[in-house]
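Engineer:
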Amino acid sequence: MPLSFLKKRKSPLWDRIHSDDATRLRLKYDTYYHIFEDQSGTKVVKDGKEFVMLSSNDYLGLSNHPKIKEAGKRALEKWGSSTTGARLANGGRIFHRELEEKLADFLGKEACHVFSAGYLACASSITGFADRKDLLFADKNLHSSLWSGIKLSGARCERFAHNNPDHLREILEYEDDSVEKIFVLEGVYSMEGHIAKLPEFTKLAEEFRAFVVLDDAHGFGVLGNSGRGTADHFGMTDQVDVLCGSFSKSLAGAGGFVASTREAIDYMRSHSKQTIFSAALSPASCACAQAALEIMQEEPEHRARLQKNLDRYRSILSGLELDTWESETPAIPIVLGEKEKVYYFWKALLEKGIYAIISIAPGVPPGKDLIRTAISAAHTDEDLDKIEDALIYAKTKI
Ligand SMILES: Cc1ncc(COP(=O)(O)O)c(C=O)c1O
Numbered sequence: 342m343p344l345s346f347l348k349k350r351k352s353p354l355w356d357r358i359h360s361d362d363a364t365r366l367r368l369k370y371d372t373y374y375h376i377f378e379d380q381s382g383t384k385v386v387k388d389g390k391e392f393v394m395l396s397s398n399d400y401l402g403l404s405n406h407p408k409i410k411e412a413g414k415r416a417l418e419k420w421g422s423s424t425t426g427a428r429l430a431n432g433g434r435i436f437h438r439e440l441e442e443k444l445a446d447f448l449g450k451e452a453c454h455v456f457s458a459g460y461l462a463c464a465s466s467i468t469g470f471a472d473r474k475d476l477l478f479a480d481k482n483l484h485s486s487l488w489s490g491i492k493l494s495g496a497r498c499e500r501f502a503h504n505n506p507d508h509l510r511e512i513l514e515y516e517d518d519s520v521e522k523i524f525v526l527e528g529v530y531s532m533e534g535h536i537a538k539l540p541e542f543t544k545l546a547e548e549f550r551a552f553v554v555l556d557d558a559h560g561f562g563v564l565g566n567s568g569r570g571t572a573d574h575f576g577m578t579d580q581v582d583v584l585c586g587s588f589s590k591s592l593a594g595a596g597g598f599v600a601s602t603r604e605a606i607d608y609m610r611s612h613s614k615q616t617i618f619s620a621a622l623s624p625a626s627c628a629c630a631q632a633a634l635e636i637m638q639e640e641p642e643h644r645a646r647l648q649k650n651l652d653r654y655r656s657i658l659s660g661l662e663l664d665t666w667e668s669e670t671p672a673i674p675i676v677l678g679e680k681e682k683v684y685y686f687w688k689a690l691l692e693k694g695i696y697a698i699i700s701i702a703p704g705v706p707p708g709k710d711l712i713r714t715a716i717s718a719a720h721t722d723e724d725l726d727k728i729e730d731a732l733i734y735a736k737t738k739i
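Residue numbers (this note's numbering): 342 to 739.
1. Ligand 1: which residues have Cβ under 6 Å from any of its heavy atoms, chain order?
2. Spell out a yes or no on whether the stretch 664 to 677 and the stretch 559 to 571 are touching, meaning 3 or more CB-CB pairs, one atom from each, closer than 8 Å.
3. Can you list, in chain order, the residues of its chain with a C-beta nearer than 8 Å to that of L658? Leave out the 5 residues immediately preceding and following it.
4. Provide the residue(s) that pair with D582 in DSSP beta bridges, ordered along the chain.
5. Taking 8 Å as the cut-off, decide whether the C-beta atoms of D579 and V525 are in contact.
6. Excluding the five sequence neighbours on either side, which residues of its own chain have a C-beta within less than 8 Å of the C-beta of T468, listed in chain order?
7. Look up M637 in the DSSP assignment and say whether it is helix, strand or coil.
8. Where in the stretch 414 to 480 do unbroken runs of the alpha helix (DSSP H), each at least 4 residues long, occur, reported from the N-terminal end onward?
9. On a Cα-Cα basis, can you pick out the residue from D371, K693, G678 and S717 that is closest to P703?
10. DSSP on E516, reduced to helix/strand/coil?
11. To the nearest angstrom, report how far apart S531 and A572 are at their CA atoms.
12. Are the CB atoms of A630 and L691 nearer to each other than 8 Å?
13. How far does the alpha helix (DSSP H) with S404 in it reach, from first residue to last?
14. May I have the straight-line CA-CA distance separating A502 from G449, to the nearest angstrom?
15. Report the residue from L368, S396 and K351 whose alpha carbon sits nearest the alpha carbon of I728.
16. Using a Cβ-Cβ cutoff of less than 7 Å, which residues in the same chain neighbour Y370 once the five nearest sequence positions on both sides are dropped?
17. My understanding is that L725 touches N650, with C-beta atoms under 8 Å, so please give their C-beta distance in whole angstroms.
18. Taking DSSP as the reference, what is the three-state secondary structure of K384?
19. Please determine, among E439, E418 and L368, the residue with the shortest C-alpha to C-alpha distance to L634.
20. Name the one or two DSSP bridge partners that D556 has.
21. Taking the straight line between their C-alpha atoms, what separation do you get for S626 and L487?
22. Where does A600 sit, in a helix, a strand or coil, going by DSSP?
23. Between the Cα of A496 and the Cα atoms of L476, L509, N505 and Y515, which residue gives the shortest distance?
24. Do you know how far the Cα of T543 is from the Cα of I536?
25. Here's the rule: buried if 16 or more other CB atoms are within 10 angstroms of the residue's CB, otherwise exposed. What is P540?
26. Applying the 10 Å Cβ sphere with the 16-neighbour rule, what's the burial state of R350?
27. Pick helix, strand or coil for V683, following the three-state DSSP scheme.
28. Just the C-alpha distance for N431 and F456, rounded to the nearest angstrom, thanks.
29. Output the boundary residues of the beta strand (DSSP E) element that contains K390.
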């Protein structure tokens, strides 16, 4: 017989969980965490209905590339599913080192460390270097992974206006010369599609002797020679002290990296808890990333197709006079400015078989509520026709 009087009294935390408004609204409007029962290229299927995916970050369209799938299968066969432990304790494998050497070489850095998620890599790019007594300067529109790293570092952080070197200078001029300074930037801002004003930022870094951390999750594969990224695009790889990024965008995989000098990577391996205490990147993910990296260099046609699709998509958007926040890259927001408009626009796209993501304040600045879209080399001409028709329709709904 159950002894109900002995039942544990519930923690008040359960009240918070039951009555949480953010969760209630999310479930009510059913805007996130969708499950697709099938996928083929850019097409995803939900509840039996097919959608063209217009928000994934598969910029080069490599997620179904036969060479990548083959590399993943071979690694799984040879090495099994996981190395089941952190590298510091259980050791890395020869395939980790091989990928790190190839990636470092490609990026124009001496050394690299790969992680099981871009999020961990980007957080580590700060926790691995910043000390409590340092001073961080962060673009106010940074990705959550970098904010996590900033918070975990315990260092003081000053925010500057998005992609605004003049504002950064104003703040810098108030600060003590003797404190160590670290700039935290993104190469391509994932929501806005803006390219960092790296020449101006690196000039400031030189003047104020600041250390520069650049998250290039969305520039890698897209900008620079063969997709070497934003720093390469500006010819400024040497002016960026630490580069980090993700495999889940252009490389169409899972994992991430931090690249810098040999000495700096060794230092990060001693100081970043995310590097020390998190399990190694899996054999299959490592092999897929390495194959994708090779394809990026050997098959320029993917970038060429991306550019072609991008030109067409941009002309559709500008023909419809939609506000794209001056995006310069394949990550393209459609700014509608009010969350109700965003919701109706998004619903209309869904109705017409197009899947995109809603992003509303506080995720974006007030007045910038938007639909986040991204174009891929894998989009076909028919996909783009369908996207155009759906956008025309959605515009009539707001
Ligand atoms: C700018 C930026 N940095 C880091 C990450 C984290 O990468 P991942 O999703 O591969 O963990 C993302 C992913 O959304 C991102 O957009």
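Where a beta carbon is used, it is the ideal one built from N, C-alpha and C, also for glycine.
Structural biologist: On the basis of the supplied data:
1. A458, G459, Y460, C463, H484, S486, E527, S531, D556, A558, H559, S587, S589 and G597
2. yes
3. Along the sequence shown, one-based indexing puts residue 658 at 317. Excluding positions up to five away in sequence, the list reads T665, I673, I675 and L732.
4. Start at 1 with the first residue of the sequence shown, and residue 582 comes out as number 241. According to DSSP, D582 bridges with nothing at all.
5. The count along the sequence shown starts at 1 and reaches residue 579 at position 238. The count along the sequence shown starts at 1 and reaches residue 525 at position 184. Result no, Cβ atoms of D579 and V525 do not sit closer than 8 Å.
6. To locate residue 468, count along the sequence shown from 1; it is residue 127. If we look at T468 and ignore the five residues flanking it on each side, its Cβ neighbours are G490, L493, S494, H612, S613, K614 and Q615.
7. Along the sequence shown, one-based indexing puts residue 637 at 296. Here M637 sits in helix by DSSP.
8. 428 to 431, 435 to 448 and 459 to 468
9. In the sequence shown, the residue the question calls residue 703 occupies position 362. Among D371, K693, G678 and S717, the Cα nearest to that of P703 belongs to G678.
10. If you number the sequence shown from 1, residue 516 lands on position 175. DSSP places E516 in coil when its eight states are reduced to three.
11. Numbered from 1 along the sequence shown, position 190 holds the residue referred to as residue 531. Numbered from 1 along the sequence shown, position 231 holds the residue referred to as residue 572. Rounded to whole angstroms, S531 to A572 spans 16 Å at the Cα level.
12. Residue 630 sits at position 289 when you count from the first residue of the sequence shown. Residue 691 sits at position 350 when you count from the first residue of the sequence shown. In this structure, L691 does not lie closer than 8 Å to A630 by Cβ.
13. Numbered from 1 along the sequence shown, position 63 holds the residue referred to as residue 404. That residue, S404, is in no alpha helix (DSSP H); it is neither H nor E in DSSP.
14. Here the question's residue 502 lines up with position 161 in the sequence shown. Here the question's residue 449 lines up with position 108 in the sequence shown. When rounded, the distance between both Cα atoms is 30 Å.
15. The sequence position of residue 728 within the sequence shown is 387, counting from 1. When only C-alpha atoms are compared, the closest one is S396.
16. Looking up residue 370 in the sequence shown gives position 29. Closer than 7 Å at Cβ, skipping near neighbours: Y684.
17. By 1-based counting over the sequence shown, the position of residue 725 is 384. By 1-based counting over the sequence shown, the position of residue 650 is 309. At roughly 7 Å, the Cβ-Cβ gap stays under 8 Å, so L725 and N650 are in contact.
18. Counting from one through the sequence shown, the residue named residue 384 turns up at place 43. K384 falls in the strand class under three-state DSSP.
19. Residue numbering aside, residue 634 sits at position 293 when the sequence shown is read from its first letter. Here the closest residue by C-alpha is E439.
20. Stepping through the sequence shown from its first residue, residue 556 is reached at position 215. Beta-bridge pairing links D556 to E527 and C585.
21. Here residue 626 refers to the residue found at position 285 when the sequence shown is read from its first residue. Here residue 487 refers to the residue found at position 146 when the sequence shown is read from its first residue. Cα to Cα, the separation comes out at about 23 Å.
22. The sequence position of residue 600 within the sequence shown is 259, counting from 1. A600: strand per DSSP, three-state reduction.
23. Locating residue 496 in the sequence shown gives position 155, counting from the first residue. The option with the nearest alpha carbon to A496 is L476.
24. Here residue 536 refers to the residue found at position 195 of the sequence shown. Here residue 543 refers to the residue found at position 202 of the sequence shown. Whole-angstrom Cα-Cα distance: 14 Å.
25. On the sequence shown, position 199 is the one that residue 540 refers to. Its Cβ having fewer than 16 others within 10 Å, P540 is exposed.
26. Stepping through the sequence shown from its first residue, residue 350 is reached at position 9. Classification for R350: exposed.
27. The residue given as residue 683 occupies position 342 in the sequence shown. Helix.
28. Translated into positions along the sequence shown, residue 431 becomes position 90. Translated into positions along the sequence shown, residue 456 becomes position 115. Using only the alpha carbons, I get a separation of about 15 Å.
29. Taking the sequence shown and counting its residues from 1, one reaches residue 390 at position 49. Counting along the chain, the beta strand (DSSP E) containing K390 begins and ends at K390 to M394.
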